[in-house]
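Q: Here it is, the structure in full.
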Ligand code: RIB
């Protein structure tokens, strides 16, 4: 006969509810009682059956999360912030990497829904091709988009105001005298790449900057930043500022300029986007648009909890204002 939570509770001299909270990892139990329950469970050889517990309670205390490319340092930072907050409410995070592939993204979303996660947080790979996945998975579980979103699809979203973020970077380099501003970013597949590009073009238009400055669109990877810098150096005149779609690209640009003895910021200003941990360690330290990861995580979980509480609650789209962090790559100090 399998040992039950009731057996453990009686052995520990606590209520079944207390024993259940301890055995399902809740933090709302005193250390003394938690110790008594865990000692009783060990003494009786109790094994918590998460599946049986989930069936009984109608929830698994798990949340799924899918990010487009876990290798990019922006994503682990936001995953860590989300996981830390979920732990505070006794929930576990199941993380999947879409590897920048919408087919993998859909497979992972199905797998998480099949495992009855209580909700799903997704950073969609594509603003269009990811729509089919959202249509399918929102039928089965509450979904919140964070950072990126799918175009024309009614799902909660929280992210930074990408266009405003790029405007901060362009205004900054213009204030330092730049007139020939190049843009290096990712191809227009994701909503963040699209919005940052739109923000750049809006600033070129509004400020009467030359329209013939390069816009080099590839990936959000440092390798692309290096390739773009080689392209800029091969086709003079050089810009006097390079605004990058994210920090990884900017690090690639800085490395190639250093290799070719182009001085930053003396010869050219460089800015990034994200403020990943390595931005301040770049050479020179990178001026960048900061995404407030903790705030994004908090808002994302607030939206998810609201959707889990009421599937019909009105859709919310929350754009958080990013901030500019000025460092040596544009003449500031860290
Ligand atoms: O660095 C990867 C980029 O894609 C980040 O800026 C983040 O916003 C994501 O959308």
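Numbering (the working numbering), first residue to last: 709 to 1042.
Backbone N, C-alpha and C define an ideal beta-carbon position, used for all residues, glycine too.
Taking 6 Å as the cut-off, is the CB of residue 869 close to at least one heavy atom of the ligand RIB?
A: Here residue 869 is taken as the residue at index 161 of the chain shown, counted from 1. It does not: the Cβ of residue 869 is nowhere closer than 6 Å to a heavy atom of the ligand RIB.
Q: Please determine whether the Cβ atom of residue 856 lies at a distance below 6 Å from any heavy atom of the ligand RIB.
A: Here residue 856 corresponds to residue number 148 of the chain shown, with the count starting at 1. Indeed, a heavy atom of the ligand RIB lies less than 6 Å from the Cβ.
Q: By Cβ distance, which residues of its chain are closer than 7 Å to residue 820, with the 5 residues on each side in sequence left out?
A: Reading the chain shown from its first residue, position 112 is the one you call residue 820. The answer, listed in chain order, is 772, 802, 804, 828.
Q: Mind checking which residues open and close the beta strand (DSSP E) that includes residue 853?
A: Position 145 of the chain shown holds residue 853. Residue 853 -> beta strand (DSSP E) spans 851–854.
Q: Starting from residue 926, trace the beta strand (DSSP E) in both directions and tell me its first and last residue.
A: Within the chain shown, the letter at position 218 stands for residue 926. Taken as a continuous stretch (DSSP letters only), the beta strand (DSSP E) holding residue 926 covers 923–926.
Q: Cα-Cα, which of 748, 800, 872, 950 is closest to residue 734?
A: As a working mapping, residue 734 is identified with position 26 in the chain shown. Nearest of 748, 800, 872, 950 to residue 734, Cα basis: 800.
Q: In the DSSP assignment, find the unbroken alpha helix (DSSP H) run with residue 742 in it and report its ends.
A: If you number the chain shown from 1, residue 742 lands on position 34. Its alpha helix (DSSP H) spans residues 739–752.
Q: I'd like the list of long-range same chain contacts for residue 813, defined as Cβ closer than 7 Å, with 5 residues on each side in sequence excluded.
A: By 1-based counting over the chain shown, the position of residue 813 is 105. Within the same chain, residue 813 has close Cβ partners 774, 806, 833, 838, 841.
Q: So does residue 782 have its beta carbon nearer than 6 Å to some heavy atom of the ligand PLP?
A: Absent from the structure shown: the ligand PLP. Ligands present: the ligand RIB.
Q: Candidates 782, 759, 968, 737: which alpha carbon is nearest residue 797's?
A: On the chain shown, residue 797 is found 89 positions in, with the first residue counted as 1. Of the listed residues, the one whose Cα sits closest to residue 797 is 737.
Q: Using only the heavy atoms of the ligand RIB, determine whether one of them is closer than 6 Å to the beta carbon of residue 920.
A: Taking the first residue of the chain shown as 1, we reach residue 920 at position 212. The answer is no for residue 920.
Q: Within 10 angstroms of the Cβ of residue 875, are there 16 or more other Cβ atoms? Answer buried if so, exposed if not.
A: In the chain shown, counting from the first residue as 1, residue 875 sits at position 167. Under this definition residue 875 is a buried residue.
Q: Roughly how many angstroms lie between the CA atoms of residue 709 and residue 1006, to the nearest whole one?
A: By one-based count along the chain shown, residue 709 stands at place 1. By one-based count along the chain shown, residue 1006 stands at place 298. If you take the alpha carbons of residue 709 and residue 1006, they lie about 43 Å apart.
Q: I'd like the span of the beta strand (DSSP E) that includes residue 772, first residue to last.
A: Stepping through the chain shown from its first residue, residue 772 is reached at position 64. Residue 772: member of the beta strand (DSSP E) spanning 770–775, first to last residue.
Q: List the endpoints of the continuous beta strand (DSSP E) containing residue 894.
A: Position 186 of the chain shown, counting from 1, holds the residue named residue 894. Note, residue 894: beta strand (DSSP E), 889–894.
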